[in-house]
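Quick note on numbering: the sequence shown equals residues 1 to 871 in the UniProt record's numbering. Every residue, glycine too, gets a C-beta built ideally from N, C-alpha and C. Below: the structure, in structure tokens.
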Amino acid sequence: MNIFLRKGLLQQITNISRRRWLTQACTESKSSELTKDVKHRIEQHWRSSLGQGNFDLKGLDNKFYVLSMFPYPSGNLHMGHVRVYTISDTVARFQRMCGFNVFQPIGWDAFGLPAENAAIQRGIEPKVWTEHNIAQMKKQLEDLGCSFDWKHEMSTCSPEYYRWTQKLFLMLHKEGLAYQNEALVNWDPIDKTVLADEQVDANGCSWRSGAKVEKKLLKQWFIKTTAFAEQLLDGLDDPTLIDWRDIINLQRHWIGECDGYGFQLLTSASIILRLWTANPEHFKDPNAFVVLKTSHYLAKDKSNSFSITIENPFTGTIMPVIFSDAPVFADKCDVYLAAPSFRDEDKELQESLSLSFFANEELKIEKKNVEQMRLQVLETAKRLRLGGYKVSSKLQDWLISRQRYWGTPIPVIHCDMCGVVPVPDEDLPVILPEKSEIDKNREEALKCTCPKCQNPNAIRESDTMDTFVDSSWYYLRFLDPENTKSIFDENVISKVMPVDLYIGGKEHAVLHLYYARFMNHFLHSQGLVNCSEPFSRLLVQGMVMGRSFRVKGSGRYVQEHEVEIVNSKKNQAVLKETKEPVVMTWEKMSKSKMNGVDPTDMFRDYGTDTTRLIILADVAPTSHRNWSSATFPGILNWQKRLWLTVNEFCELRSSPEEVKADINSKEFQEEEDKMFDARNFYVKGATFNYRHTHQLSVAISKMQGLTNSLRRVAKPVMRYSKQYERALASQIIMLAPMAPHFASELWSKFASASNRINSSSTELQWDKDVLSQKWPEIDQHYQLDLAIKVNGFENCCIKIPRSHIDKVTHNDALDLAFNTDSVTSYLIDKKIRTTNFVLYPGIEAILNIYVDKVKEEKKTSSEKATEDVGH
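Here it is as structure tokens:
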């Protein structure tokens, strides 16, 4: 009895009601299949036992920060949500089982136009609508079995959050990086707000309302992201960035080549003019003038009346502003700095435009002075906060003003006496008033007292911030969401950042990622963040695609049940009623295209864990997933085989011993060896794909391979083999991150049937559930691979015990390779260019050898014929 107590009887007693249920389920399962009802009962039973994330802020030496892009609370999960959060949760659970202190937070990107419009349609406050949606989506995420750290949950529309978004704005404003300026913007006349260029489609219509977008001149708030352009471009070469793949190129393209300098100068029309030049020394020309394209929004009067001028802060002279398309403008740049004293073509332009009466004494230029002039201009610009930073000609500053209610209020006050006055820190947050108050009396709702001169008739800024501002720093606040004294605890940030794995859609790989990187670089420059790059590794998941059906003539989308498929392979179909041809394509799921799948229906029809496995199977997380029920049987059958295997194991281990197997026989030992090899082989493959490549679909394939090996053994082996028991344990443990409810049920059955008393194994913790088990390790004497590759192709494979492979160095690998006949014979007469060595600890090692290819001499047809005869 003492042995049983030591092995966990107390745990069994506390869970006696659960055991009774399990005994009943086990009895039923002997004669029944793994039905939908059984899955639902399993998930309902285990849901409360799966546990949530429990990040320990005191144990940060082995931290792992996995972050999925937080959702907009629309009220309902879609399959894209299911995919990204299943991937995130699978990785988080895996890393916990590997012993890491995992941080997996979740929150809500809760501001924005959709919520405001939906609230207006329903006659309620946006806050009420948003909070309702958050509660609904949170319940769905819990049903999905996600182990988020709910203690760190936060919402961007909460004053406790946007107080610090406002503080960030004020920090930027203090550094001259947030400013107000007139700009020609995209105006949506229906939604009555500014749109970014990316929110306007190819036809010039709003991406959301569908209205024809108008151009409108408005005073807007900007953040000077261009000031960090060179840092952001150089940051893409940071060695800490892993698996960014083509995202690097997308970011490079967005930023552009920083081959010039940006300046911001005030015109006589009180408008800040952005001026880019590759030659900042040209400002030293007292005859310099500025040319704007005739399409520039300031070109109301295209005559050269010189009604607009700019004071040149580097010479003290006045620069006229003219409108002409004559100069060669830089890429996507409509402003040109002309310097007649430096360039003959500018002198010709000056004369052709009758600007001679502006001319001053011609500047005498010596080459040795040009560099000095450039340095003087750049130093003066930085001192006066006029720019002088390296940037591409096409990159623009971030326009953050939005003329809508539901967003973070911009924390500035407009005073007739003092101008623009930042809200003092002690007055933050500037609380967003109820929308009904704004609608009732807008002027009164925005009225306030100037904190500088106490003018009682000052007005709060009415614009709110772009929601990208809210999401540009949320990954930092997640670590310290309850902090009321500062934006976050710098000590915690220094130990946890950067994010180890950031998961999200490719549609956010340019703007959101660019803004988030900018904000982190800015905070790093302020000494508040320890690293300049916020995200170490990216996993950009592909979209979930649904099959859509569109009538060929009208382009109208129809539902699948309205269509008769003529030839599925050739995507040929017709409308059932009219026999009109229908175009079948795979497109991103959406209600408008009638090709969406409701996750709730999937949970009801197949179960949560089956849905999780289906979304992970077949294709890599980075690839698009064509959602088709034709792919479901593979996962459904695998689950049934696992269910059958564990139940058979339970029956055999609990049934009376009629015939005892000879476990010392040669035949039995051969079966033991096979199970030893199978376990190690598939544990190696699944672990590699879980940990290093995140190819979770391949990890599923590896686990299915292990299931096949388990199913092939004879019943005596299943009953008596220790290696079979270890392999089955590894199978269930490796399944747990992906299907936690199902694996918990399988483990409970397996653990109750295993011979725990006689087991000498320390790798399994019998008194704990499956999610508390350690990830399976490869046995120390199992032979692992040192692969030798020449120009990317495997030449040979050298076997090394698990106990030694982590000690192999680059030089060791070279010695082993050059003592191998296949390598040395292949490399005869070939010149080695370079080699590199990659070690995946505990899994495998790869030595890459790159050689110059030997060009074969061209042979005549007669020489080839002679060779053929000789052979």
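Would you identify the three-state DSSP class for Q572, choosing helix, strand or coil?
Correct three-state label for Q572: strand.
Let me check understanding here. Comparing Cα to Cα, which of F468, F478 and V420 lies closest to A458?
That would be V420, whose Cα lies nearest to the Cα of A458.
If S548 and N595 are in contact, beta carbons under 8 Å, what's the gap, nearest whole angstrom?
That belief holds up - the Cβ atoms of S548 and N595 are roughly 4 Å apart, short of 8 Å.
List the whole-angstrom C-beta distance separating V851 from L816, where the pair is believed to meet the contact cut-off of C-beta under 8 Å.
About 18 Å; that fails the 8 Å criterion.
Spell out a yes or no on whether the region 574-583 and the region 551-562 are touching, meaning 3 or more CB-CB pairs, one atom from each, closer than 8 Å.
Yes: the two stretches touch, three or more of their Cβ pairs being nearer than 8 Å.
Should L735 go down as buried or exposed, given a rule of 16 or more other Cβ atoms within 10 Å for buried?
Buried is the call here.
Quick one: what does DSSP say Q231 is sitting in, helix, strand or coil?
Three-state DSSP puts Q231 in a helix.
In angstroms, rounded to a whole number, what distance separates the CA positions of A25 and L636?
Below a pLDDT of 50, predicted positions are generally treated as unreliable, and A25, at 41, falls in that range; no measurement from the model is reported.
Given I400, which residues of its chain have a CB within under 6 Å of its CB, disregarding the five upstream and five downstream residues?
If we look at I400 and ignore the five residues flanking it on each side, its Cβ neighbours are W221, I223, M465, D466 and V469.
Give the straight-line distance between the Cα atoms of R385 and A178, rounded to the nearest whole angstrom.
Approximately 12 Å between the Cα atoms of the pair.
Can you tell me the Cβ-Cβ gap for V544 and G80, rounded? I've got them flagged as a contact below 8 Å.
Contact flag correct, Cβ pair sits at about 5 Å.
Output the distance between the C-alpha atoms of D829 and Y782, rounded to the nearest integer angstrom.
Spanning the two alpha carbons is a distance of roughly 36 Å.
To the nearest angstrom, how far is it from the Cα of A92 to the Cα of L786?
Using only the alpha carbons, I get a separation of about 29 Å.
For V82 and L144, which I take to be in contact (beta-carbon distance under 8 Å), what is that distance rounded to the nearest angstrom?
With a Cβ gap of about 7 Å, V82 and L144 count as contacting.
Take K39 as the anchor and find which of A202, K640, F329 and T631 has the nearest alpha-carbon.
Closest option to K39, Cα to Cα, is K640.
Can you have a look at C453 and say buried or exposed, based on whether 16 or more other CB atoms are within 10 angstroms of its CB?
Exposed is the call here.
Count the other C-beta atoms from every protein chain shown that fall within 10 angstroms of the C-beta of W46, then say buried if there are 16 or more, exposed otherwise.
Buried.
Taking the DSSP output, what are the residues bridged to C415?
Note: C415 sits in a beta bridge opposite G419.
If you scan the region 19-107 from start to end, which runs of the alpha helix (DSSP H) of 4 or more residues do you find wholly inside it?
Correct list: 36-46 and 79-97.
So, is L273 buried or exposed, given that buried needs 16 or more other C-beta atoms within 10 angstroms?
That one is buried.
Tell whether a beta-carbon distance below 8 Å holds between F616 and T90.
Strictly speaking, residue 616 in this sequence is Leu, with Phe absent from that position. Yes.
Within its chain, find whatever has a CB closer than 6 Å to the CB of A573; leave out the 5 residues flanking it on each side and keep chain order.
These residues qualify, in order along the chain: V563, I565, V566, V582 and M584.
Taking only runs that begin and end inside the region 604-659, name each unbroken alpha helix (DSSP H) of 4 or more residues, in chain order.
Complete alpha helix (DSSP H) runs here, min 4: 608-616 and 632-654.
Can you round the beta-carbon distance between R802 and S730 to whole angstroms, since I take them to be within the 8 Å contact cut?
Not a contact, Cβ separation roughly 15 Å.
By Cβ distance below 6 Å, which residues in the same chain neighbour L184 in space, the five residues on each side in sequence not counted?
Closer than 6 Å at the Cβ level, and outside the excluded window around L184, lie K215, L217 and Y297.
Go through its chain and collect everything with a Cβ distance to L479's Cβ below 7 Å, but skip five positions before and after it.
Hits under 7 Å: F488, V492, I493 and V496.
Where do the ends of the alpha helix (DSSP H) carrying A678 lie?
Where A678 is concerned, the enclosing alpha helix (DSSP H) stretches over K666 to F688.
With a 10 Å radius around its C-beta and 16 neighbouring C-beta atoms as the bar for buried, classify V328 as buried or exposed.
Exposed.
Under DSSP, the beta strand (DSSP E) around M734 begins and ends at which residues?
Element bounds for M734: not the beta strand (DSSP E) but the alpha helix (DSSP H), K722 to L735.
Do you know offhand how far T645's Cα is from G51's?
Their backbone Cα atoms lie some 27 Å apart in a straight line.
Using CA atoms only, rank isn't needed, just tell me which of R726, I849 and Q695 is closest to L710.
The shortest Cα separation from L710 among R726, I849 and Q695 belongs to R726.
So the alpha helix (DSSP H) E482 belongs to, where does it begin and stop?
Per DSSP, E482 belongs to no alpha helix (DSSP H) and is neither H nor E.
Around the Cβ of K30, are there at least 16 other Cβ atoms within 10 angstroms (buried) or fewer (exposed)?
Note on K30: pLDDT 46, under 50, position unreliable in the model; the coordinate value appears next. Label assigned to K30: exposed.
By Cβ distance, which residues of its chain are closer than 7 Å to A227, with the 5 residues on each side in sequence left out?
These residues qualify, in order along the chain: L177 and Y389.
Taking contact to mean 3 or more Cβ pairs, one atom from each stretch, closer than 8 Å, check whether the region 110-117 and the region 527-540 are in contact.
No, the region 110-117 does not touch the region 527-540.
Closer than 8 Å is the cut-off here; do at least three beta carbon pairs connect the region 156-173 with the region 391-408?
Touching, per the Cβ criterion.
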